[in-house]
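In full-length UniProt numbering, the protein residues as written are 1 to 290. Glycine is no exception: its CB is placed at the ideal position from the N, C-alpha and C atoms. Please read all numbers here as calculations on a predicted model, not as lab measurements.
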Amino acid sequence: MTRPLDPGTPGRFRHHRRLDVLIPTRNRPAELAVTLSGLAAQEGVPGFGVVVSDQSDGDPAYAHPAAATMVRALRHRGHPVLLTRRLPRRGLAEHRSYLLAQSAADAVLCLDDDVWLEPGALSRLVTALDELGCGFVGNAVHGLSYADDVRPETHQHYEEWTGPPVPERIQPGTPEWHRASIHPAANLLHVTEKLDLAADEWRAYKISWIGGCVLYDRAKLVEAGGFDFWERLPERHQGEDVAAQLAVLERHGGAGVLPSGAYHLESPTTVTERDVEAWEVVLSESPAEV
């Protein structure tokens with residue numbers, strides 16, 4: 001039988017470091033174990049921290065022996081891990097806002113609890129954020145069950161940055177908004193295959209938003225408001241990541257990174273009540289462009 005797992009404390013965890021990974025989770029012990037296993041195998045970013053915040057209906061997902069073992073593996077490899085519970089639930093944006101408040105790192109990776117990162121993915125994202133100097137970079141997730149489903153009509157939305165990303169005001173209905181069409185299924189995987197990149201080569205491309213795996217410059221995310229808009233939302237919402245990214249894009253720019261080392265586990269969502277799009281609320285409250 002596995003021994004009790006030390007959850008850690010916010011006071012011991014919240015110290016300045018290069019990077020923290022922020023993972024919200026609910027009712028997904030198996031998926032969380034896989035997500036943590038991907039982090040435990042990362043190289044090139046020593047000492048990054050991990051915060052897991054659980055909102056499960058029963059026991060926290062990190063109490064499952066498989067997830068607990070990956071927590072121990074991360075700590076054994078020199079990565080501080082903080083395990084918390086955030087109840088009662090107040091919605092996705094509040095949960096991400098809580099996670100962000102646990103970190104004092106230079107950069108934060110908002111990672112969903114159903115994403116496996118291949119070795120090298122984290123180092124590549126950190127390199128891209130440092131070199132591009134923008135507000136965030138991200139790896140859109142691949143759905144490998146769609147690997148044989150090639151959709152060439154979506155590839156037209158792929159456009160590389162030829163220099164550092166610049167701030168952009170992205171609005172629904174514009175051509176820029178439809179850049180997100182490159183991200184579903186395995187579309188991005190097929191674009192990457194056509195590029196035939198060298199082993200250590202990566203590209204930055206223009207995005208409207210990215211789901212699942214986004215690395216922010218923490219100061220720039222906080223300056224743009226972070227996820228503080230949660231107080232203006234009903235609990236049953238989605239699109240909180242979109243709202244935050246649109247705010248950062250407008251002030252500091254952002255980019256997707258190829259190749260993506262993020263793979264979606266394709267498990268059913270545990271957030272089934274999604275009455276409101278957070279980004280619609282936030283955009284409706286923003287001053288009109290002059």
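Buried versus exposed, by CB contacts within 10 Å (16 or more), residue i
i    : result
P165 : buried
E240 : buried
D148 : exposed
S103 : buried
P259 : buried
G133 : exposed
W279 : buried
L74  : buried
T174 : exposed
D59  : exposed
K206 : buried
G91  : buried
L125 : buried
A199 : exposed
D54  : buried
Cβ-based neighbour list, residue i, same chain, cut-off 6 Å, excluding 5 preceding and 5 following
i           : result
residue 291 : Residue 291 lies beyond the residue range present for the chain, which begins at 1 and ends at 290; the question has no answer from this structure.
E31         : D113, D114, L265 and S267
P80         : F13 and G49
N187        : R151 and T154
Nearest neighbour of residue i, chosen from the options [CA to CA]
i    : options                   : result
P184 : Y205, W202 and I210       : I210
T154 : S53, T35, L99 and H190    : H190
D130 : D114, A73, W279 and L215  : L215
A118 : V50, V52, V34 and E250    : First, the amino acid is wrong: residue 118 is Glu here, not Ala. Among V50, V52, V34 and E250, the Cα nearest to that of E118 belongs to V34.
N27  : Q156, A180, D114 and D228 : D114
T270 : S260, T25 and T2          : T25
W230 : A93, A224 and G253        : A93
D106 : M70, N187, G135 and A219  : A219
R77  : V52, T69 and W177         : T69
W161 : V126, R203, L74 and R89   : R203
E168 : P234, A61, L249 and D275  : L249
L122 : A101, D20 and V281        : D20
R232 : L5, S284 and D200         : S284
A56  : H178, Y205, V71 and R85   : Checking the sequence, you will find Ser at residue 56 rather than Ala. The candidate whose alpha carbon is nearest that of S56 is R85.
A140 : I182, W177 and E176       : I182
L22  : G8, L5 and L83            : L83
A247 : A198, C213, A224 and S37  : A224
Cutoff 7 Å; reference residue i; Cβ partners in own chain excluding five residues on either side
i    : result
E266 : G143 and S145
S97  : G226, F227, D228 and W230
G253 : C134, G135, P165, V166, P167 and E168
Coarse secondary structure for residue i, derived from DSSP in three states
i    : result
H79  : coil
L233 : coil
Y158 : coil
Q238 : strand
S53  : strand
W116 : strand
I182 : helix
E31  : helix
V290 : Residue confidence is low: V290 scores 32 on pLDDT, short of 50, so the model does not pin down where it sits. No coordinate-derived value is stated.
V21  : strand
D106 : coil
Beta-carbon proximity list for residue i, same chain, < 8 Å, skipping 5 on both sides
i    : result
H64  : P29, A30, L32 and A33
T2   : P65, A68 and T69
T192 : L258, P259 and S260
Bridge-paired residues (DSSP) for residue i
i    : result
A198 : DSSP, once it has assigned bridges, lists no residue as partnering A198.
G254 : F136
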